[in-house]
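If you want it as structure tokens, here you go:
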């Protein structure tokens, strides 16, 4: 160590003391590890900067060109054979290990996934939606139901729910006479009600005609005697025994839910299942709106 | 060797190219192979559906309709589950499209039916008021080219190893033996339709384009790999 290096270290010491004075005057809390680390970093930078600079400056003053020349020679400019500095070698090996870690675990792009982002967005939205509509009143539900209807249902059932002149179910009434006769004749097993499948041919001839006319007419007037067969499952009032069987009188929530979940192929045509396309609140809203169409 | 390379810029450039290309291959190819594998349980298109796909291409549905649902909530709300690359494994070529004048059709089989398509292709405005889609009435008259579709299936099977059954074999004889299966499938579609000309044509062993197209549209969606459940 020569005088030049000592002078440099002395200069570094002055800088460090100056830093400490400033810290003292600014009342910086050194018990906070972040502040302590920052101070430590400042000291290290000062020491290294002056120490290293002084080392090389003194080397430039004292060093002579000597050593074994390498074979390569570029237009008279040669190169000494130098040992690889140990510090470089260790840093290089350390970097290799770091690179392995970085490729396998640390690479920031690994943490992002488009599908993950979609999942989060949908989950957050659904939660917010359920939260916001926990206690929604009927009018809001009906309004929501109408917009759902226009997007999801209107392509087949028409914007007014009239079924586009026979292309799909007309929501202006529950069932037509032809539909009821078709169901009585063919049975119904697609909606998965707790009551199970309705076998074909529960009534026939004049009985079936009477039942169909009475239900299609809005269940007004005297109930035909033959309806007793139906009442076993659908209830004496035809309202489906609290969701055990389809409601014959109006489009209640249970009916809407069962049709959406299972789809249906009946007298008119096939309706596909809309199972995963609506949330429970939306189904409720849709039922509310569809009910309002026949009122 | 490196000294030699340093003195030969051309071969040095070749060496650099080979090195980078090799790195690119081992980075890209495995991911690509993984993503292009068919999703579990995916079945290939039937011959009738392939014929419908040809109609889809011929009448240029791709100009206005895409077949790719991106994982954004706005799209999944409207069109259903986002598309997976493995769902296109048997699409040659895929029909992603790049323009949505009309809606996306990648899951149209999940929420539209044969009779709806029939009404819609005959007169779009009768089911979608204000629709700007033109009517495609000629599809009810034109007869679909089932033989080309069958040849396509044979090529898919022999060249691209699409898992068709042993009944798909090259040659006119094999096609004659296979034809009843296609007609049976067409009859099922025609049974759900109302147009009497179409029904008559199918009964007479001729398949109008609309039937093939509807078979293809019905196959779009999850039904091609969920049917086994």
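Protein chains in written order, with this note's numbering: chain A, 1 to 295; chain R, 296 to 524. Cβ coordinates follow ideal geometry from the N, Cα and C atoms, glycine included. As the structure is a computational prediction, the values presented were derived from the model and not from experiment.
Assigned secondary structure, residue i (DSSP; H/G/I helix, E/B strand, else coil)
i              : result
residue 406(R) : helix
residue 391(R) : coil
residue 414(R) : helix
residue 304(R) : helix
residue 505(R) : helix
residue 78(A)  : strand
residue 188(A) : strand
residue 264(A) : strand
residue 386(R) : coil
residue 143(A) : helix
residue 438(R) : strand
residue 83(A)  : coil
residue 451(R) : helix
residue 72(A)  : strand
residue 195(A) : coil
residue 304(A) : Nothing about residue 304(A) can be read from this structure; chain A reaches only from 1 to 295.
residue 271(A) : strand
residue 458(R) : coil
residue 148(A) : helix
residue 524(R) : Model confidence at residue 524(R) stands at a pLDDT of 44, short of 50, so the residue's coordinates are unreliable; what they give is reported in the following sentence. Note: residue 524(R) maps to coil in three-state DSSP.
residue 222(A) : coil
residue 208(A) : helix
residue 178(A) : helix
Run of the alpha helix (DSSP H) containing residue i, from where it starts to where it stops
i              : result
residue 473(R) : 467-486
residue 118(A) : 114-132
residue 234(A) : 227-234
residue 294(A) : 280-294
residue 421(R) : 419-422
residue 370(R) : 368-374
residue 98(A)  : 86-101
residue 493(R) : 491-498
residue 66(A)  : Taken as a continuous stretch (DSSP letters only), residue 66(A) belongs to no alpha helix (DSSP H), as it is neither H nor E.
residue 164(A) : 163-166
residue 433(R) : First-last for residue 433(R): undefined, no H or E at that position.
residue 153(A) : It is not in any alpha helix (DSSP H) - residue 153(A) carries neither H nor E in the DSSP assignment.
Rounded Cβ spacing between residue i and residue j (contact assumed at less than 8 angstroms)
i              : j              : result
residue 173(A) : residue 294(A) : 6 angstroms
residue 342(R) : residue 441(R) : 6 angstroms
residue 287(A) : residue 252(A) : 7 angstroms
residue 339(R) : residue 457(R) : 5 angstroms
residue 405(R) : residue 331(R) : Not quite, the Cβ-Cβ distance comes to about 23 angstroms (not below 8 angstroms), so this is no contact.
residue 430(R) : residue 411(R) : Incorrect: roughly 15 angstroms between the Cβ atoms, too far for contact.
residue 510(R) : residue 344(R) : 5 angstroms
Beta carbon proximity, residue i to chain A, threshold 7 angstroms
i              : result
residue 396(R) : no
residue 470(R) : no
residue 368(R) : yes
residue 399(R) : no
residue 406(R) : yes
residue 513(R) : no
residue 391(R) : no
residue 411(R) : yes
residue 414(R) : yes
residue 457(R) : no
residue 309(R) : no
residue 334(R) : no
residue 403(R) : no
residue 423(R) : yes
Neighbour flag for residue i against chain R, beta carbons, 7 angstroms
i              : result
residue 103(A) : no
residue 266(A) : no
residue 272(A) : yes
residue 121(A) : yes
residue 114(A) : yes
residue 118(A) : yes
residue 153(A) : no
residue 164(A) : yes
residue 185(A) : no
residue 156(A) : yes
residue 167(A) : yes
residue 217(A) : no
residue 161(A) : no
residue 269(A) : yes
residue 279(A) : no
Boundaries of the beta strand (DSSP E) in which residue i is found, first to last residue
i              : result
residue 516(R) : Residue 516(R) -> no beta strand (DSSP E), and no H or E assigned at all.
Curious, which full-length beta strand (DSSP E) runs of at least 3 residues does the segment 4-45 of chain A contain?
-> none
Unbroken alpha helix (DSSP H) runs of length 4 or more, entirely within the segment 297-360 of chain R: which are they?
-> 297-302, 304-330 and 342-353
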